[in-house]
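J.: Below is a structure I'd like to ask you about.
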Amino acid sequence: ATPAALVAGTGAAARAGILVKDIEALERAAAVDTVVFDKTGTLTEGRPALTEAVPLDPALDRDTLLRLAAAVQTGSEHPLAAAVLAAVPQVALAPVADFRALVGRGVVGTVEGRRVAIGNRDLMAELGIDLAAASPVLDRIEAEARTAVVVAADGRAIGVLGIADPLRPESAAAVALLAARGVRAEMLTGDSEAVAAKVAGALGLSAYRASVKPADKSGALAALKAAGRTPAMVGDGINDAPALAAAEVGIALGTGADVAVEAAPVTLMRADPRLVAAALDISRRTVRKIR
Ligand code: ADP
Ligand code: MG
């Protein structure tokens, strides 16, 4: 039979804005010693905005670069695509043909007869595009903790876009609350090493992994378990669902993708990462009552 304490615990959690779908998860959460956060949309607002569009060719103006990039991004559902699209008037964008999204790397498509690619260094390396002119711009933007992507056309880098996704104001406190309870806070992200390092430093994270392909997020959770840790995973994205399921306790942001919420036994009803520490507190108190 389910101990009355667990039922009371789920009630206390609900009052705090934490929905527990699986009562056993509340018991398992008491043993959690590591909390792995997704970055985009979990530690950050997840509403990225374009901050710069830098043409690499003096003959190319900023508007033309942006319109070309936006035309390709009409095919993408990635938050980065929304940031580019929000920066240009939606009317009269050229249509995109042969569009493809390359998971964790970027997008490609044909616009006005030009083969355009937008994405990270990995994508450009795959396409054999020379980054000599783009690199200093990428480095500068990433050093300021913003995401930088290259726009290439017909095999040449023609511009760099900078995109900022501000940290949630509660994220640093969320990490500090966990540290005060002896719980490590870590981060997994598909974003670059430079951006991840900046975010980790700003929040005081114990560890992070950058450039993690969506398919590798659940493997990272399994590796932590194999190393003897008891990890919770906190995420909001479609990409996070397998990792939420692989964790000892999956915690989804209620504002996130439906698949993430379905994959996790615990949902935070407010997009406030400090609720993770609150959930662990309720779990620990509940378990003490059982034993
Ligand atoms: P995350 O959401 O954690 O950043 P993703 O796997 O979705 O991870 O994306 C990883 C990287 O792939 C992004 O940081 C970006 O460099 C590149 N990327 C993905 N989709 C796009 C896109 N639509 N436009 C440009 N770059 C993209
Ligand atoms: Mg996310």
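The numbers in UniProt numbering rise by one with no breaks, and the one at position 63 of the sequence shown is 477.
Ideal Cβ positions, reconstructed from N, Cα and C, are used throughout, including at glycine.
Just so it is clear, the structure is predicted and the values come from calculations on it, not from any experiment.
#1: Residue 454: beta carbon under 6 angstroms from a heavy atom of the ligand MG?
#2: Rounding to the nearest angstrom, what Cα-Cα distance links residue 444 and residue 701 in this structure?
#3: Determine the DSSP secondary structure at residue 455, reduced to helix, strand or coil.
#4: Would a C-beta distance cut-off of 7 angstroms place residue 684 and residue 425 closer than the cut-off?
#5: Would you check if the distance between the CB atom of residue 448 and the CB atom of residue 645 is smaller than 7 angstroms?
#6: Spatial neighbours of residue 415 within its chain, please: C-beta separation below 8 angstroms, excluding the five flanking residues on both sides.
#7: At 3 residues or longer, what runs of the beta strand (DSSP E) sit wholly inside the segment 546-628?
#8: Less than 6 angstroms between C-beta atoms, sequence neighbours within five positions excluded: which residues of the same chain meet that for residue 618?
#9: Flag this pair as yes or no: are the beta carbons of residue 668 and residue 682 separated by less than 7 angstroms?
#10: Is it true that the CB of residue 576 sits closer than 7 angstroms to the CB of residue 543?
#11: Candidates 429, 422, 454 and 446: which alpha carbon is nearest residue 653's?
#12: Measuring CB to CB, does residue 456 end up less than 7 angstroms from residue 648?
#13: Would you mind giving the Cβ-Cβ distance between residue 680 and residue 693, rounded to the nearest angstrom? I have them listed as a contact below 8 angstroms.
#14: I need the DSSP call for residue 536, collapsed to helix, strand or coil.
#15: Flag residue 651 as yes when its Cβ comes closer than 6 angstroms to any non-hydrogen atom of the ligand MG, and as no otherwise.
#16: Tell me whether the segment 529-548 and the segment 502-509 touch, counting them as touching only if at least three CB pairs, one residue from each stretch, are closer than 8 angstroms.
#17: Between residue 576 and the ligand ADP, is the CB less than 6 angstroms from at least one heavy atom?
#18: Looking at residue 600 and residue 585, is the spacing between their C-beta atoms short of 7 angstroms?
#19: How would you call residue 503, buried or exposed, if buried means at least 16 neighbouring beta carbons within 10 angstroms?
#20: Is residue 518 close to the ligand ADP? I mean its beta-carbon at under 6 angstroms from any heavy atom of the ligand.
#21: With a threshold of 6 angstroms, establish whether the CB of residue 532 neighbours any heavy atom of the ligand ADP.
T.: On the basis of the supplied data:
#1: The answer is yes for residue 454.
#2: Taking the straight line joining both Cα atoms gives about 7 angstroms.
#3: Note: residue 455 maps to helix in three-state DSSP.
#4: No, the Cβ-Cβ distance between residue 684 and residue 425 is not below 7 angstroms.
#5: Yes; because the gap between Cβ atoms is below 7 angstroms, this pair is in contact.
#6: For residue 415, the predicted model reports a pLDDT of 38, less than 50, meaning its position is unreliable and no value from the coordinates is stated.
#7: Correct list: 561-567, 570-578, 598-602 and 621-623.
#8: Correct list, in chain order: 589.
#9: Their beta carbons are under 7 angstroms apart, which means residue 668 touches residue 682 by this criterion.
#10: Their beta carbons are not under 7 angstroms apart, which means residue 543 does not touch residue 576 by this criterion.
#11: With distances taken between Cα atoms, residue 653 lies closest to 454.
#12: Yes, the Cβ-Cβ distance between residue 456 and residue 648 is below 7 angstroms.
#13: Contact flag correct, Cβ pair sits at about 6 angstroms.
#14: Helix at residue 536.
#15: Yes.
#16: In the pairwise beta carbon analysis, the segment 529-548 is classified as not touching the segment 502-509: fewer than three pairs are separated by under 8 angstroms.
#17: Not so, every heavy atom of the ligand ADP lies at least 6 angstroms from the Cβ.
#18: Remark: C-beta atoms of residue 585 and residue 600 do not approach each other more closely than 7 angstroms.
#19: Label assigned to residue 503: exposed.
#20: True, at least one ligand heavy atom lies under 6 angstroms from that Cβ.
#21: Within the cutoff, so yes.
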